[in-house]
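Please read the structure below before turning to the comments.
In our numbering, the protein residues as written are 13 to 256.
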C-alpha cells in the first residue's frame with residue numbers, strides 16, 4: 013500500500029535513471045572461489061563514471077544486495093596505490109562473454125560493453141543472499157573474474173538460460189573489440205594473493221547529550237567488533253583490514 017501511494021506522489025528520479033541492465037558474476041575478494049550472479053541496473057553519472065544498484069535477480073521480488081561504481085581508465089590512474097586495491101578490471105569479463113545485457117540486440121550491446129571493457133569497478137555487497145536470509149555481517153568487497161580458471165561450466169550454462177544470451181557466442185564476437193592494457197594496481201588480489209575484508213572496529217565515540225562510556229578514553233580501548241582480538245592488519249595507507 014505504501015509503495016502504491018508513494019509511486020503516485022513522488023518522482024523517484026534517481027531510480028528511474030538506472031535504465032541499463034547488465035548481468036555478470038561477482039567473486040568475493042576475500043574468498044575468490046565464492047561468487048554470485050549479479051544483476052546490475054546502471055546509470056551514467058557523467059561521461060567517465062557510471063553507478064549501479066545490484067540485485068540477486070531481475071524479478072520484482074529481487075533482493076538489493078550491493079552497489080558498484082565504474083570509472084574511466086583516466087580516473088583510475090589518478091587513484092593512489094592504497095585505493096586501487098578495492099578496484100577491479102572488466103577486460104576479461106567482457107572478452108569472455110560473461111558480461112551481457114539481457115534482451116538487448118547484440119550490436120547495441122557491443123557498444124555498451126566496449127565502453128565498460130576499459131573501465132574499472134569498485135563493488136560492495138551488503139547482503140550475501142545466496143547464503144543468508146537477512147543482510148548479516150560486514151559488507152563484502154567484490155571482484156570480477158580475470159581468467160578462464162575462475163569459470164564454472166555448469167554455472168555459465170545456468171546464466172545463459174537465465175539471460176537468454178550464449179556466453180561462447182559472445183566471446184567469439186568480442187574478439188574484435190579494443191582492449192587496453194590493464195592499469196597497474198587493478199585486480200591486486202589476483203597478483204598479490206591478498207584479498208581485502210572489512211572487519212568493523214568498535215571505537216570510542218562521544219554521543220551528544222550522553223556521558224562517555226566507561227573505559228572508552230584511549231586508543232587502547234579500540235577493539236574489533238565481533239571478535240576478542242585487538243586491531244587487525246590493514247592495507248598500507250588505510251584503516252581497512254587485509255585478509256591474510
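In this text, a Cβ means the ideal position worked out from N, Cα and C, and glycines have one as well. Computed from a predicted model, the values in this text were never measured in an experiment.
Contact check, residue 110 vs residue 124, beta carbons under 8 angstroms: Residue 110 sits at position 98 when you count from the first residue of the chain shown. Residue 124 sits at position 112 when you count from the first residue of the chain shown. Against a cut-off of 8 angstroms, the Cβ pair of residue 124 and residue 110 comes out as no contact.
May I have the straight-line CA-CA distance separating residue 30 from residue 57, to the nearest angstrom? In the chain shown, the residue the question calls residue 30 occupies position 18. In the chain shown, the residue the question calls residue 57 occupies position 45. About 10 angstroms.
Could you tell me the alpha carbon to alpha carbon distance between residue 45 and residue 140, rounded to whole angstroms? Indexing the chain shown from 1 puts residue 45 at position 33. Indexing the chain shown from 1 puts residue 140 at position 128. If I take the Cα positions, the gap works out to 14 angstroms.
Identify whether residue 23 lies in helix, strand or coil by the three-state DSSP scheme. Along the chain shown, read from residue 1 onward, the residue named residue 23 stands at position 11. Correct three-state label for residue 23: coil.
Taking buried to mean at least 16 other C-beta atoms within 10 Å of its own C-beta, is residue 20 buried or exposed? Taking the first residue of the chain shown as 1, we reach residue 20 at position 8. Exposed.
Nearest to residue 194 by alpha carbon, out of 67, 204, 89? Translated into the one-based positions of the chain shown, residue 194 becomes position 182. Of the candidates 67, 204, 89, the one whose C-alpha sits nearest the C-alpha of residue 194 is 89.
According to DSSP, simplified to helix, strand and coil, what is residue 125? Within the chain shown, numbered from 1, the residue matching residue 125 stands at position 113. Reduced to three states, the DSSP call for residue 125 is helix.
According to DSSP, residue 133 sits in a beta bridge with which residue or residues? As a working note, residue 133 is residue 121 in the chain shown. The secondary-structure analysis by DSSP pairs residue 133 across a beta bridge with 82, 100.
Taking all protein chains shown into account, decide if residue 25 is buried (16 or more other Cβ within 10 angstroms of its Cβ) or exposed. For the purposes of this step, residue 25 is identified with residue 13 of the chain shown, where counting begins at 1. Flag for residue 25 reads exposed.
Candidates 118, 74, 108, 130: which alpha carbon is nearest residue 99's? By one-based count along the chain shown, residue 99 stands at place 87. When each option's Cα is compared against that of residue 99, the closest is 130.
Backbone CA spacing between residue 232 and residue 224 [nearest angstrom]: Your numbering for residue 232 matches position 220 in the chain shown. Your numbering for residue 224 matches position 212 in the chain shown. Bear in mind that the predicted position of residue 232 carries a pLDDT of just 47, short of 50, making it unreliable; the figure below should be weighed with that in mind. C-alpha separation (whole angstroms): 15 angstroms.
Thinking just about the alpha-carbon of each residue, which of 78, 126, 214 is nearest to the one in residue 148? Translated into the one-based positions of the chain shown, residue 148 becomes position 136. Of 78, 126, 214, the residue nearest in Cα terms is 78.
Bridge-paired residues (DSSP) for residue 180: If you number the chain shown from 1, residue 180 lands on position 168. The partner list for residue 180 (beta bridge, DSSP) is empty, contrary to what the question assumes.
Extent of the continuous alpha helix (DSSP H) to which residue 161 belongs: The residue labelled residue 161 in the question sits at position 149 within the chain shown. From DSSP, residue 161 is part of no alpha helix (DSSP H); its letter is neither H nor E.
Buried or exposed (CB count within 10 angstroms, at least 16 for buried), residue 115: Locating residue 115 in the chain shown gives position 103, counting from the first residue. Looking at its Cβ environment, which holds fewer than 16 other Cβ atoms inside 10 Å, residue 115 is exposed.
With distance defined between alpha-carbon atoms, name the residue in 157, 95, 186 nearest to residue 119. What you label residue 119 is simply residue 107 of the chain shown in a count that begins at 1. If we check each option's Cα against that of residue 119, 186 comes out closest.
Give me the DSSP bridge partner(s) of residue 106. Within the chain shown, numbered from 1, the residue matching residue 106 stands at position 94. Residue 106 pairs with nothing; no bridge assigned.
Quick check: what's the CA-CA separation for residue 128 versus residue 219? Within the chain shown, the letter at position 116 stands for residue 128. Within the chain shown, the letter at position 207 stands for residue 219. Using only the alpha carbons, I get a separation of about 44 angstroms.
Who are residue 56's beta bridge partners in DSSP? Counting from 1 along the chain shown, the entry for residue 56 is found at position 44. DSSP output for residue 56 lists 62 as bridge partner(s).
From residue 201 to residue 22, what does the alpha carbon distance come to, in whole angstroms? Sequence index remark: in the chain shown, residue 201 carries index 189 (1-based). Sequence index remark: in the chain shown, residue 22 carries index 10 (1-based). The straight-line gap from Cα to Cα measures roughly 43 angstroms.
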